[in-house]
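Heads up: the structure comes next, in structure tokens.
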Amino acid sequence: MVANKLRPRLDERDWKITLVDQDETHYYQPGFLFLPFGGYRREDLVKPKRRFIPPGVELIMNTIELVEPDKNTVKLGDGTELGYDYLIIATGTHPRPDETPGLGDDEWRKTVFDFYTIDGAEALASKLEGWEGGKLVLNIVDMPIKCPVAPLEFIFLADSYFAERGIRDAVELQYVTPLPGAFTKPVASRYLGDMLADRKIALESDFLLERVDTANKKLVSYDEREIDYDLLVTIPINMGADYIERSGLGDELNHVPVDKHNFLSTEYDNIFALGDAAALPTSKAGSVAHFAVDIFTDNFIDYIDGKPMRGQFDGHANCFIESGRGKGMLIDFNYDTEPLPGKYPLPGFGPFSLLQETEANHWGKLMFKWTYWNVLLPGKGMPIPALMSMAGKIREEA
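The working numbering numbers the first residue of the sequence shown as 5 and each following residue consecutively.
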């Protein structure tokens, strides 16, 4: 998105844009959620990355070994060194099962599964297809994670999937989270907690996982609570890229500390971090990356011209929540305002309802895949403002 938006605005005689990546394939990650339930296949979720690189941008396929910020240099895996005037870090955050004792052991993708990777989602699809019941536990190891509503969506879709197969009575579902409730924000947490209860999905909150006892199929918390499972679906600790740690650029989770309004590194005046790679006090969600890039692009032009950066990102996040049985919810919030009920984007009309299950929200989520490939990645404009609006929202107490 950054390359597509900046290339037309920077004179090619003066500015060279180099994009370093290590994977030729781009994945539509929101689709991983549906893959375990037969909603998508791998081929529905992948496209060649080069298709989205604009003319005038150099693409280098390589790993990143190190950033040397004092030398304005990026060292690649093959020893190549790239100099830069400005560096934009957008290397995301990634599941790390190896960070939790027992999680990535011999039972990985046998009785313990993930769905935040395409290989994990495919393996889980094969497992669920022949699974005849028992206790399925969904566990979030720790926050922050990318797409923080996806675990809730998974458990709602699992409830719907097993009901459609006629085995819901043979399945016990439990949602285990380190949070004090179903979600991070009080009003949304109440709505979503009620939805769990209505579906007879048990909620275990404030559960900080210490280890997984795969031999006895138990989750063990730091306060010595134990939860049994037959099938464990996990969202492991999420961490930024390893080179962030090697370069001394990140926090304890390898996310880059930045100004939350303009994404400029708190340590270096020519390094920015965007999307999940940045340590921001908002959701690590695709919508945040999209809205952030809209703000960043204008700010970057100001910055290189020696002007103050006028854009002030407000942490805007906008997420559809698939709730099963052909319905979904929508939440819209920012740094200061939690998700509230109402209509979006037009007051009174919508067509989407906030914090309410509707078929329109379900179809909105499914149709977003076309928007992602054809509008967002090519850097085209969206008729939705980057900053959150209170229009259509109804304030209520938590």
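Virtual Cβ for every residue (Gly too), placed ideally from N, Cα, C. Computed from a predicted structure; not experimentally measured.
In the DSSP secondary-structure assignment, T77 is bridged to E72, G87.
Beta-bridge partners assigned by DSSP to R194: none are found. The region 14-39 is shown to contain whole beta strand (DSSP E) runs of 3 or more residues at 21-25, 29-31, in chain order. Here the alpha carbons of F276 and V262 stand approximately 7 Å from one another. N242 places its beta carbon 8 Å or farther from that of P387.
Three or more Cβ pairs closer than 8 Å define a contact, and the region 106-120 falls short of that threshold against the region 166-180.
Taking 8 Å as the cut-off, the beta carbon of D109 is found closer than this to the beta carbon of T218.
Counting other Cβ atoms within 10 Å of its Cβ, T188 reaches 16 or more and is therefore classed as buried.
For W374, the number of other beta carbons within 10 angstroms of its own is below 16, and it is reported as exposed. For the pair F337 and F300, the Cα-to-Cα distance works out to about 19 Å. In this chain, the beta strand (DSSP E) harbouring R215 covers 213-217. By the beta-carbon neighbour count (other beta carbons within 10 angstroms, threshold 16), P343 is buried.
For G134, the uninterrupted alpha helix (DSSP H) run begins and ends at 122-134, by DSSP. In the three-state DSSP reduction, Y247 falls in the helix class (H, G or I). Using a Cβ distance threshold of 8 Å, A94 and A321 do not count as a contacting pair. Distance between E208 and D89, taken at the CA atoms: about 49 Å. Around the CB of M333, 16 or more other CB atoms lie within 10 Å, so the residue is classed as buried. Within its own chain, the residues whose Cβ lies closer than 6 Å to the Cβ of F38, once the five positions on either side in sequence are excluded, are Y44, listed in chain order.
DSSP places F317 outside both helix and strand once states are collapsed to three, so it counts as coil. An exposed status is given to P389, since fewer than 16 other beta-carbon atoms sit within 10 Å of its beta-carbon.
Our two residues, P34 and D48, have alpha carbons roughly 12 Å apart in a direct line. Check the Cα spacing between D232 and each of A245, P184, Y226, Q178: the tightest is with Q178. Contact between the region 47-66 and the region 201-216 is absent: fewer than three C-beta pairs spanning the two stretches fall below 8 Å. Nearest neighbour of N266 by Cα position, chosen from A127, E214, F324, Q316, turns out to be Q316. Counting of Cβ neighbours within 10 angstroms places F353 among the exposed residues, the total staying below 16. In terms of Cβ geometry, S193 and L212 do not form a close pair [threshold 8 Å]. Pairing E126 with L236, the inter-Cα distance amounts to about 15 Å. Note on the region 262-316: whole alpha helix (DSSP H) runs with a minimum of 4 residues are 290-308, in chain order.
With distances taken between CA atoms, P52 lies nearest to E28 out of E69, I68, Y32, E28.
Counting other Cβ atoms within 10 Å of its Cβ, T286 reaches 16 or more and is therefore classed as buried.
Of the residues assessed, S327 falls on the buried side of the cut-off, its CB having 16 or more other CB atoms within 10 angstroms. Secondary structure note for T97: its beta strand (DSSP E) is the uninterrupted segment 97-99. With respect to G346, K397 sits close: the two C-beta atoms are nearer than 8 Å.
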